[in-house]
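Engineer: Sharing a structure with you now.
There are 2 protein chains.
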Amino acid sequence: MSQHRHPGAPGRAGAVPALPDLPEATVARLPEYLRALHNLADSGHETVSSEGLSAAAGVNSAKLRKDLSHLGSYGTRGVGYDVALLIEQIEYVLGLTQRRAVALVGVGNLGHALAGYDGFASRGFRIAALLDADPSRVGEEINGLVVRHVDELPVIAVQESIAIGVIATPAAAAQRVADQLVAVGVTSILNFAPCVLSVPEGVDVRKVDLAIELQILSFHEHRKASLTALPGGLAATETQEAIGT
Amino acid sequence: MSQHRHPGAPGRAGAVPALPDLPEATVARLPEYLRALHNLADSGHETVSSEGLSAAAGVNSAKLRKDLSHLGSYGTRGVGYDVALLIEQIEYVLGLTQRRAVALVGVGNLGHALAGYDGFASRGFRIAALLDADPSRVGEEINGLVVRHVDELPVIAVQESIAIGVIATPAAAAQRVADQLVAVGVTSILNFAPCVLSVPEGVDVRKVDLAIELQILSFHEHRKASLTALPGGLAATETQEAIGT
DNA sequence: TAGATTGTTAATCGATTAACAATC
DNA sequence: TAGATTGTTAATCGATTAACAATC
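In structure tokens form, the structure reads like this:
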């Protein structure tokens, strides 16, 4: 089935093309492929095999081909994938053809770092607003942006067409901020606060909890230690694990 | 099977007890349960049902019970789980009975924030060393710790019994740092640099990529937009998704 | 054509979930 | 005992993987 669905090409009836309904696991890996492809493009590669790309992205090649097959057929048998075309296609699917505006709420320790993080700008996003509930923080300038009060969110959301909200507040404040984001129409939230957010249907929440990541590693440390200490002394066999996203 | 395996109790033959070989998905949720349990304990609950705990942790109750069943039987039918006992048990399994020492490499923008992140200290970890390859950064004091040169790692790793390395360098430097960590015996790495690390068997790597999280949200934004724009106008139905770790 | 590599198949594996028997 | 809730079963679902036919 070699039906190229070019970026922006009409699906049927000339409407906005319906995106393929990708498996979540695939969606989570596409950004990884994209990063690897950009590296390849920067180093002058015009074409790459599934073997080559999968190695660069740290997955196995069957998985990569399966993932890409969900997007349609963009490879050439016997040759590989066109790097530029695949970049274009993945960026289209991920919705990165438009630069999405991000509102970052909470400019404490972590928020400060996020506000200055280059990776956002270079990979499809624009931090359009910094907000905080603490009046003493309002007015501070970080990276060329002035911190504004979170109550200004309704105005700012419209002015800046905020698409994604990032919560970097303490846990105690996070639910209230989430409610405020939802109230102004934000349907995608990245939550750094260590708590569960409750949001209405149709709102996507992703969570990053730094301490949890360490605790998962701690489990594996503990496990490895208990294995090596075993009577039989199994040592560190079969313990490898490069864990995905 | 109500075989309580108490924290620190011998498995067989009086050796260190072999940890249960938990499913990865379960391991990733245990920290979430632990956080919820601490909240419950703080608010005076002595007992909690699977229904109550699962709600607090944002998962369904069948999944919670299944997860906990892997640890052994720590609940009481008709009653629920003893909060304190369950905390103790999960902390034991996660290896949090000892406070693990963390070396943080790269004190740029993000590294600075991580160095000051309270969540680490309060949830079982001790940032024992701050390191950087840039001599102009060495000597700087952050949160009571002096930044040292990454080449001092061999000495520091031993002195501080470093268990986990956190990489917060630019992508270009990350592999070299990973090699250095591995060389001094670190077998658990949390990588914030946007690149794939290659490490020998027995070394666990977890990755946090902030831009990838936004790109995944971007996909869902794009998808929701394409659905509402559809001829039939399916609107935002069945798009809910509170994505786990 | 011969060699290379994709896209797909089908088997396997692991995770989720509802339902309920066991039991406090 | 009656009510509540766990721990487990079994069915289902989704993700991974090796193998290979299709095809450049």
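If you read the sequences in order, they're chains A and B.
Sequential numbering of the first sequence, starting at 53, is according to the working numbering.
Sequential numbering of the second sequence, starting at 53, is according to the working numbering.
Glycine included, C-beta positions come from ideal geometry on N, C-alpha and C.
Taking Cβ-Cβ distances shorter than 7 Å, what residues in chain B pair up with A:P246?
Structural biologist: R87, G171, listed in chain order.
Engineer: Run through DSSP, which three-state label would A:G163 get?
Structural biologist: A:G163 falls in the helix class under three-state DSSP.
Engineer: Look at the Cβ atom of A:L156, then the Cβ atom of A:V218, and state whether they are nearer than 8 Å.
Structural biologist: In this structure, A:V218 lies closer than 8 Å to A:L156 by Cβ.
Engineer: Can you tell me whether A:Q232 is buried or exposed? The criterion is at least 16 other CB atoms within 10 Å of its CB, across all chains shown.
Structural biologist: Label assigned to A:Q232: buried.
Engineer: Can you grab the Cα-Cα spacing for the pair B:F172 / A:E98, in whole Å?
Structural biologist: Distance between the alpha carbons of B:F172 and A:E98: 44 Å.
Engineer: For B:P222, count neighbouring C-beta atoms within 10 Å of its own C-beta (all shown protein chains included) and say buried if the count is 16 or more, exposed if not.
Structural biologist: With fewer than 16 other Cβ atoms within 10 Å, it is exposed.
Engineer: Using the Cβ count rule (16 or more neighbours within 10 Å means buried), how would you classify B:V207?
Structural biologist: Exposed: under 16 other Cβ atoms inside 10 Å.
Engineer: Where do the ends of the alpha helix (DSSP H) carrying B:A180 lie?
Structural biologist: Element bounds for B:A180: not the alpha helix (DSSP H) but the beta strand (DSSP E), 177-184.
Engineer: Name the chain B residues that come within less than 7 Å of A:R258, Cβ to Cβ?
Structural biologist: In chain order: E265, I268, L269, I295.
Engineer: Among A:D256, A:Q211, A:E212, which has the Cα closest to the Cα of A:D230?
Structural biologist: It is worth fixing the name first, because residue 230 of chain A is Ala in this sequence and not Asp. Of A:D256, A:Q211, A:E212, the residue nearest in Cα terms is A:D256.
Engineer: Does the separation of the CB atoms of B:I216 and B:L197 fall below 8 Å?
Structural biologist: Their beta carbons are not under 8 Å apart, which means B:I216 does not touch B:L197 by this criterion.
Engineer: What does A:V79 touch in chain B if you count any residue whose Cβ is under 7 Å from its own?
Structural biologist: Within chain B, the residues near A:V79 are I268, F271.
Engineer: If you pair each beta-carbon of the segment 262-277 of chain B with each one of the segment 160-175 of chain A, do three or more pairs fall below 8 Å?
Structural biologist: Result yes; three or more Cβ-Cβ pairs closer than 8 Å.
Engineer: Verify whether the separation of the beta carbon atoms of A:R258 and B:I268 is less than 8 Å.
Structural biologist: Contact: yes.
Engineer: For B:V199, collect the residues of the same chain with a Cβ closer than 8 Å to its Cβ; drop the 5 residues on either side in sequence, then sort them by chain order.
Structural biologist: So the list reads V159, L182, L183, D184, R189, V190, G191, E192, E193, once near-sequence residues are dropped.
Engineer: Of the residues A:I142, A:V111, A:H122, A:T128, which one's Cα is nearest the Cα of A:L73?
Structural biologist: Correcting the residue identity first, residue 73 of chain A is Asp in this sequence and not Leu. The shortest Cα separation from A:D73 among A:I142, A:V111, A:H122, A:T128 belongs to A:H122.
Engineer: Where does B:D119 land, buried or exposed, given buried means 16+ other C-beta within 10 angstroms?
Structural biologist: B:D119 is buried by the Cβ-count criterion.
Engineer: Below 8 Å between beta carbons: does that hold for A:V111 and A:G132?
Structural biologist: It is not a contact, given that the beta carbons lie outside the stated cut-off.
Engineer: By a C-beta neighbour count over all protein chains shown, 10 Å radius and 16 as the cutoff for buried, is B:A224 buried or exposed?
Structural biologist: Classification for B:A224: exposed.
Engineer: Which value, in whole angstroms, describes the spacing of the CA atoms of A:G237 and B:G147?
Structural biologist: Those two C-alpha atoms are separated by around 42 Å.
Engineer: How close, in whole Å, do the beta carbons of B:G176 and B:R151 come, if the pair is a contact with beta carbons under 8 Å?
Structural biologist: Sure, about 6 Å apart at Cβ, within 8 Å.
Engineer: Could you name the residues of the same chain whose beta carbon sits closer than 6 Å to that of B:C247, not counting the 5 residues immediately before and after it, in chain order?
Structural biologist: Answer for B:C247: A223, A226, listed in chain order.
Engineer: Is DSSP giving B:L242 helix, strand or coil here?
Structural biologist: Here B:L242 sits in strand by DSSP.
Engineer: Considering just the uninterrupted stretch of the alpha helix (DSSP H) at B:Y144, what are its terminal residues?
Structural biologist: Per DSSP, B:Y144 belongs to the alpha helix (DSSP H) from 135-145.
Engineer: State the beta-bridge partners of B:L197 as determined by DSSP.
Structural biologist: Answer by DSSP bridge pairing, in chain order: B:I194.
Engineer: Looking only at C-alpha atoms, which of A:S213, A:A277, A:L86, A:E212 sits nearest to A:V145?
Structural biologist: Nearest C-alpha to A:V145: A:L86.
Engineer: Exposed or buried, which one is B:N298 when buried takes at least 16 other CB atoms within 10 Å?
Structural biologist: Any property of residue 298 of chain B remains undetermined from this structure, which presents chain B solely from 53 to 297.
Engineer: Counting along the chain, where does the beta strand (DSSP E) carrying B:R117 start and finish?
Structural biologist: From DSSP, B:R117 is part of no beta strand (DSSP E) but of the alpha helix (DSSP H) over 113-121.
Engineer: Could you work out which residue in B:R228, B:E212, B:S270 is closest to B:V251 when comparing CA atoms only?
Structural biologist: Comparing Cα-Cα distances from B:V251 to each of B:R228, B:E212, B:S270, the minimum goes to B:R228.
Engineer: What number of angstroms, rounded off, separates the C-alpha of B:K276 from the C-alpha of A:S174?
Structural biologist: Their backbone Cα atoms lie some 24 Å apart in a straight line.
Engineer: Considering only the alpha carbon of each residue, which of A:S95, A:A107, A:L116 lies closest to A:A80?
Structural biologist: A:A80 has its Cα closest to that of A:L116, out of A:S95, A:A107, A:L116.
Engineer: Between which two residues does the alpha helix (DSSP H) harbouring A:A220 extend?
Structural biologist: Where A:A220 is concerned, there is no enclosing alpha helix (DSSP H), given that its DSSP letter is neither H nor E.
Engineer: Just the C-alpha distance for A:A107 and A:L266, rounded to the nearest angstrom, thanks.
Structural biologist: In a straight line, the C-alpha of A:A107 is about 26 Å away from that of A:L266.
Engineer: Report all residues from its chain with a CB closer than 8 Å to the CB of B:A88; omit the five preceding and five following residues, and keep chain order.
Structural biologist: These residues qualify, in order along the chain: L105, A108, A109.
Engineer: When DSSP labels each residue in this structure, what does A:G132 get in the three-state scheme?
Structural biologist: Looking at A:G132 - three-state DSSP - the assignment turns out to be strand.
Engineer: Under three-state DSSP, which class holds B:G60?
Structural biologist: With a pLDDT of 39 at B:G60, under the threshold of 50, the modelled position of this residue cannot be trusted; read the value that follows with caution. Coil at B:G60, not helix or strand.
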